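Residue numbers (my numbering): 284 to 719. Reading through the structure tokens given below for one structure.
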Ligand code: AMP
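Structure below.
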């Protein structure tokens with residue numbers, strides 16, 4: 284099956300070809316025809332599956348057939364949880380739509396609003412936005428959402444986790460009744476089900492196998508090691524195996540900083556990205572990592588979510604995540620869209636409960652290894668796991684982490700916008716209006 288078999292028009296096929304894609308991914312095979320038909324869609328897919336092209340290509344095709352937008356009006360609205368993801372989706376829209384004459388723009392908080400207001404003034408075919416800033420602009424009447432034809436909620440689970448539900452509800456209230464709705468989510472909690480029930484009308488349902496349950500492209504291994512030896516083991520593995528581009532996950536911002544500093548001292552170039560870093564620091568670190576100048580990027584889950592780093596060869600869980608699903612997101616950073624990847628987790632005695640939760644979720648046992656010279660102490664006692672907010676997180680035995688809520692994120696509480704900064708700037712800036 285090729286992209287042209289899916290019924291895409293020539294302009295889009297040319298753009299896809301220019302990206303170097305030859306075969307549609309499983310989600311694209313299913314989503315493209317479903318969206319072209321015009322009905323609603325509920326898709327379970329995470330970053331790395333090719334979901335962005337899965338909704339962008341057919342969305343652009345439908346928009347190309349209709350009339351241009353009037354002043355301040357938006358024809359297709361894509362909501363994303365973070366700036367990074369908004370910038371990435373915006374780039375995909377521009378890339379795939381390069382041979383069409385549609386106008387698109389990306390907006391998010393934390394930057395000046397005037398350029399965004401100016402960009403929307405003439406009307407947009409596609410607006411990619413984070414919910415908070417969009418609502419601000421809508422309330423000031425800078426954007427008219429009453430003629431939206433297509434609504435996409437990308438990474439809806441993460442939007443709910445970040446407390447955007449109230450903003451989303453307010454946005455839904457100003458949309459027209461008749462429209463096409465596409466909802467993408469990596470997980471299906473009760474909250475997502477409730478949102479889907481409210482939002483979607485007889486949706487086509489698409490579920491693509493999670494990368495880690497099939498895991499054909501990601502080689503996953505666990506290194507058992509003592510808590511105090513993790514850093515040394517990480518440096519040893521990187522050096523011994525000559526790993527070049529390594530994304531390392533830590534549980535806390537402080538832990539990310541400390542680890543990056545310590546690796547740098549050992550002549551392993553490393554930088555940390557997380558919500559307390561300025562946007563420019565994060566953009567700089569990410570750019571250096573992508574070009575290969577920076578060997579190790581240490582990140583917290585939120586900072587790394589949605590980063591499109593192509594063909595990332597190594598992901599290391601320096602600490603296991605508190606929420607088992609985050610393991611899936613983390614290793615989804617490697618072995619993407621056809622390239623092989625390795626995911627390594629350093630697990631100490633405190634984390635055995637978290638590991639069990641992950642193995643339950645992915646329905647398989649992970650290979651356990653012990654690196655000579657780093658044998659764990661068989662008599663070590665588990666200690667409570669620090670989660671960066673002074674609270675004890677699950678782990679240390681009984682609580683496997685599965686199904687656990689993220690600590691400190693009560694429903695309705697919006698995460699500080701800071702966690703959502705640093706758009707990817709592959710070609711000249713994430714927030715410019717373009718002829719898509
Ligand atoms: P996404 O899941 O949308 O974040 O996409 C993950 C990565 O897969 C991105 O780097 C895309 O450029 C790439 N990609 C998307 N579709 C394809 C395809 N059909 N063939 C190869 N790579 C693709």
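By construction, the Cβ of each residue, glycine as well, lies at the ideal position given by its N, Cα and C atoms. Note that this is a predicted model, so its numbers are computed, not measured.
Considered as a whole, the segment 550 to 610 harbours 553 to 556, 579 to 582, 597 to 600 as its complete beta strand (DSSP E) runs of no fewer than 3 residues, in chain order. Spatial neighbours of residue 287 in its own chain (CB-CB distance under 6 Å, excluding positions within 5 residues in sequence) are listed in chain order as 296. Spatial neighbours of residue 373 in its own chain (CB-CB distance under 7 Å, excluding positions within 5 residues in sequence) are listed in chain order as 387, 389, 411, 713. In the DSSP annotation of this structure, residue 633 is not part of any beta strand (DSSP E), being labelled neither H nor E. For residue 488, the secondary structure class from DSSP, reduced to helix, strand or coil, is strand.
Residue 603 places its beta carbon less than 8 Å from that of residue 630.
By the neighbour-count criterion, in which a residue is buried when 16 or more other Cβ atoms sit within 10 angstroms of its Cβ, residue 605 is buried.
Listed in chain order, the beta strand (DSSP E) runs fully inside the segment 336 to 416 are 357 to 362, 386 to 390, 407 to 412, counting runs of at least 3 residues. Listed as beta-bridge partners of residue 302 by DSSP are no residues whatsoever.
Annotated three-state conformation of residue 531 is strand, per DSSP. Per DSSP, the unbroken beta strand (DSSP E) holding residue 463 starts and ends at 463 to 468. The continuous alpha helix (DSSP H) containing residue 547 extends over residues 536 to 548.
The alpha-carbon separation between residue 317 and residue 324 amounts to approximately 7 Å. In this structure, residue 463 sits near residue 432, with a CB-CB distance shorter than 8 Å.
For the pair residue 427 and residue 625, the CB atoms are not nearer than the 8 Å cut-off. Between residue 657 and residue 529, the beta carbon gap of about 18 Å keeps them out of contact (Cβ cut-off 8 Å). Beta-carbon to beta-carbon, residue 303 and residue 343 are separated by about 18 Å, too far to satisfy the 8 Å threshold.
Annotation for residue 438: no alpha helix (DSSP H) segment contains it, and DSSP assigns it neither H nor E. The same chain holds no residue with a CB closer than 7 Å to that of residue 563 once the five nearest residues on each side in sequence are set aside. In the three-state DSSP reduction, residue 627 falls in the strand class (E or B).
In the three-state scheme derived from DSSP, where H, G and I count as helix and E and B as strand, residue 617 is classed as strand. Contact holds between the segment 333 to 349 and the segment 360 to 377, because three or more Cβ pairs, one in each stretch, are under 8 Å apart. Taken atom to atom, the span from the alpha-carbon of residue 524 to that of residue 597 is near 11 Å.
Not one heavy atom of ligand 1 is found less than 7 Å from the C-beta of residue 573.
Under the three-state reduction of DSSP, residue 477 is assigned to helix. Between residue 521 and residue 628, the C-beta spacing is not below 8 Å. Shown here for residue 459: same chain residues with a beta carbon closer than 7 Å to its own, the five before and five after excluded, namely 429, 430, 431 in chain order.
If you look at residue 518, you'll find it in the alpha helix (DSSP H) that goes 513 to 524.
The three-state reading of DSSP puts residue 329 in coil, since its state is none of H, G, I, E or B.
Beta-carbon to beta-carbon, residue 457 and residue 407 are separated by about 16 Å, too far to satisfy the 8 Å threshold.
Residue state for residue 653 is assigned as coil, using DSSP reduced to three classes. Taken from the Cβ of residue 334, at least one heavy atom of ligand 1 lies inside 7 Å.
With respect to residue 532, residue 652 sits apart: the two C-beta atoms are not nearer than 8 Å.
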